[in-house]
Every structure is written in C-alpha cells, then in structure tokens.
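*Asks:* Here our numbering is used: the first residue of the sequence shown is 532, the next is one more, and so on. The C-beta atom is built at its ideal place from N, Cα and C for all residues, glycine as well. No experiment lies behind these values; they were computed from the predicted model shown.
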Amino acid sequence: MTSSNREYAPLDPSLARLIRGPIAADHKYSRGVLGMVVGSAGYPGAALLVASAALRTGIGMARLVSVDAVAELLLAARPEVVRGSVADRCDAWVLGCGVAVDPASAEASWIAAVSGAAHEVGVPMVIDAGALQLVETADFGPHAILTPHHGEAVRLLARYDVVATAADLEGDSIGAAQQLANLTGSVVVLKGSRTVVAAPGDVFWRNHEAPAGLASAGTGDVLAGIIGALAAAGYSHSRANGDAPTVDPFEVARLGVWLHSQAAFELSTEGTYLAGDLVERMRSLIGRLAQ
532 MTSSNREYAP LDPSLARLIR GPIAADHKYS RGVLGMVVGS AGYPGAALLV ASAALRTGIG
592 MARLVSVDAV AELLLAARPE VVRGSVADRC DAWVLGCGVA VDPASAEASW IAAVSGAAHE
652 VGVPMVIDAG ALQLVETADF GPHAILTPHH GEAVRLLARY DVVATAADLE GDSIGAAQQL
712 ANLTGSVVVL KGSRTVVAAP GDVFWRNHEA PAGLASAGTG DVLAGIIGAL AAAGYSHSRA
772 NGDAPTVDPF EVARLGVWLH SQAAFELSTE GTYLAGDLVE RMRSLIGRLA Q
C-alpha cells in the first residue's frame, strides 16, 4: 500500500483484493487475455495506449484486431502484443478507442461481431469512444462497462430518445450516469474531473477530484486499457477456480478509475505528464498494491 502522503484518495480495501500479482502456477492464459478492437488509420496511437496500459496492469496477453497500419505501428512498439481475430477466445474485450463512427468500416464490423458474441456468453466488454455508437443497444447489458465523456454521453442518451446537453450532464453527473446505467443495463463510467461510476438500480460511486493533468489526449485510452485488464484478469481467475467465470463490472470500473487517478496524482507531484507516462507509472503502482 502506498503511504498516506502519496495517496490522492484512500483505496477501498474491498477493491484491493482485485489486484493480483503473478504466482508460480501462472501462465500467460491464466493471467487473463484481453482482446482489443481499437485504433484506426486516423488514430493509431489509441491502440498503443490501450495495449500498453493493459499489459502494465498485469494481464498475460493482449490480442489486437485492427487494420494493418495500426497493427504494424503497435507491434513495432509493443512486440508482446499478439495480432488476433474476432473469433479468438478472450477473457474480456476493449472496443472502440480511436475508432471513428463509420458503420461501413472494417472496425464497425469487427465491433459488431465481438459485441454480439461477448454479450451472448457474458464476457466482459469495455465500450468506449466510437463503439458507444457502433454497438447495438441490445448488446449492452450487465457484462458491459461503458466509458463515455460528457459529449459521448449526450450522443448515447440520444440513442434512447433522451435530449440533453453536455452542460446538463456537467450540472448533474450523478443523475446522468445513473440514467445511462438504467437505460443500457450496463455499468457506466461517466468521465470528468470527478468521474462517476453507476450501475443499474441507482447504484453509484463518485470519484474524488482527479488531477487536472488528466485532461489531455490519450488518457481515456489508458483508462480503458486498465479497466479491460482488470476485467480480463478477474474473469480468468474465476474460471481457474472452477467457478462460473464472472466479474463484478461495478467493482472493476471503480478500481480502474482509482488506479488511473492515483497514477496521475503521483506523476503530478513531479511535473507535467502525458498519457504514456501514466502507462509506465502503472508498473510500480501495481507492484506496490498486488496481493
């Protein structure tokens, strides 16, 4: 555990148990396999940030489904990543980071295939950015974690014929997150200076105010990778114990938001930082907290 003067906010002890370090009996599959449909020709860096954040959070494997240009960039920087397909067996998926809302794109077809199959069998999904519009609303549900910022949340509400503005959501972020959770049946991470995590049934948790430096390009991709990794590790761990594989998306989302903010807090004491710096800070942060 970090010392009190290095914590931006206390970590809920019930969440600390979800952070697991490797054990002697582990192999790359038992530590969790995360599938990713992320990045595009216009935003290739999103794939690098998602994959790097997930690997630094402690999973055993990251599998990428993307176009050649993105795969080549990512594999040159992160040779640990495996290029995969929508048919791959994964313990969780991250969908949409760096993907444009274009129903005719290859990314849209991959996202549709993955989200439909994952919804059917209950595999966790982190749905971000373009995927918030591309995933069929019928494929939202209890195994999905939606991670919109206020603008994306406005567009997501519109899919349910709810008219709102970003200012409306900023004025009542808790109410907006709860409304989205109840409409979608999913856990919602409404990102902002004080991120709100909500679950269906008007269950919510509001984060402490996060460091202002998180308001920069790519930090949301890092958050998606962290949450995806926690979901994949938890799903794999429950299956290895002989249980019906499952995770609690609300707990996973809360922990991911806390880790993201804690990494930012530590970096903010040293000066300015970028999204990629958050990734590298995850290595020491997870190392200190792993059970």
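Which same chain residues, not among the five before or five after residue 810, have their C-beta less than 7 Å away from its C-beta?
*Replies:* Taking the first residue of the sequence shown as position 1, residue 810 is located at position 279. Once the five neighbours on either side are set aside, the close Cβ partners of residue 810 are 580, 583, 584, 587 and 753.
*Asks:* Count the CB pairs spanning the segment 790–803 and the segment 741–752 that are closer than 8 Å, and state whether there are at least three.
*Replies:* Because the criterion of three Cβ pairs below 8 Å is met, the segment 790–803 and the segment 741–752 touch.
*Asks:* If distances are taken between C-alpha atoms only, which option among 723, 539, 637 and 553 comes closest to residue 821?
*Replies:* In the sequence shown, residue 821 corresponds to position 290, counting from 1. Closest option to residue 821, Cα to Cα, is 553.
*Asks:* Which runs of the beta strand (DSSP E) at least 3 residues long sit entirely within the segment 731–764? Give them in chain order.
*Replies:* Listed in chain order, they are 734–737.
*Asks:* Can you list, in chain order, the residues of its chain whose CB lies under 7 Å from that of residue 799, leaving out five sequence neighbours each side?
*Replies:* Position 268 of the sequence shown, counted from the start, is the residue given in the question as residue 799. Same-chain partners within the cutoff: 742 and 744.
*Asks:* Using the three-state DSSP reduction, which class does residue 535 fall into: helix, strand or coil?
*Replies:* Translated into the one-based positions of the sequence shown, residue 535 becomes position 4. In this prediction, residue 535 has a pLDDT of 40, which is less than 50 and means its spatial position is unreliable; what the coordinates show is noted afterwards. Looking at residue 535 - three-state DSSP - the assignment turns out to be helix.
*Asks:* Distance check for residue 556 and residue 686, CA to CA, integer angstroms please.
*Replies:* On the sequence shown, position 155 is the one that residue 686 refers to. On the sequence shown, position 25 is the one that residue 556 refers to. About 45 Å.
*Asks:* Does the segment 671–678 come close enough to the segment 716–723 to have 3 or more Cβ pairs within less than 8 Å?
*Replies:* Yes, since at least three Cβ pairs between the segment 671–678 and the segment 716–723 fall closer than 8 Å, the two stretches touch.
*Asks:* Taking the CB atoms as reference points, tell me whether residue 540 and residue 575 lie closer together than 8 Å.
*Replies:* Translated into positions along the sequence shown, residue 540 becomes position 9. Translated into positions along the sequence shown, residue 575 becomes position 44. No. Outside cutoff.
*Asks:* For the alpha helix (DSSP H) containing residue 785, name the first residue and the last one.
*Replies:* Taking the sequence shown and counting its residues from 1, the one referred to as residue 785 is at position 254. First-last of the alpha helix (DSSP H) with residue 785: 780–799.
*Asks:* Comparing C-alpha positions only, which one of 649, 803 and 786 sits nearest to residue 758?
*Replies:* The count along the sequence shown starts at 1 and reaches residue 758 at position 227. Per the Cα distances, 786.
*Asks:* Leaving out the 5 sequence neighbours to the left and right, which residues in its chain are closer than 6 Å to residue 669 when beta-carbon positions are compared?
*Replies:* For the purposes of this step, residue 669 is taken as the residue at position 138 of the sequence shown. Cβ within range, chain order: n/a, list empty.
*Asks:* Using DSSP bridges, identify the partner residues of residue 721.
*Replies:* Translated into the one-based positions of the sequence shown, residue 721 becomes position 190. Beta-bridge pairing links residue 721 to 727.
*Asks:* Determine the burial state of residue 570: buried for a count of at least 16 other Cβ atoms within 10 Å of its Cβ, exposed for fewer.
*Replies:* Within the sequence shown, the letter at position 39 stands for residue 570. Result: buried.
*Asks:* Inspect the beta-carbon positions of residue 604 and residue 639 and report whether they are closer than 8 Å.
*Replies:* Within the sequence shown, numbered from 1, the residue matching residue 604 stands at position 73. Within the sequence shown, numbered from 1, the residue matching residue 639 stands at position 108. Going by C-beta atoms, residue 604 is not nearer than 8 Å to residue 639.
*Asks:* Can the beta-carbon of residue 715 be found less than 8 Å from the beta-carbon of residue 671?
*Replies:* One-based indexing of the sequence shown puts residue 715 at position 184. One-based indexing of the sequence shown puts residue 671 at position 140. The answer is yes: Cβ separation under 8 Å.
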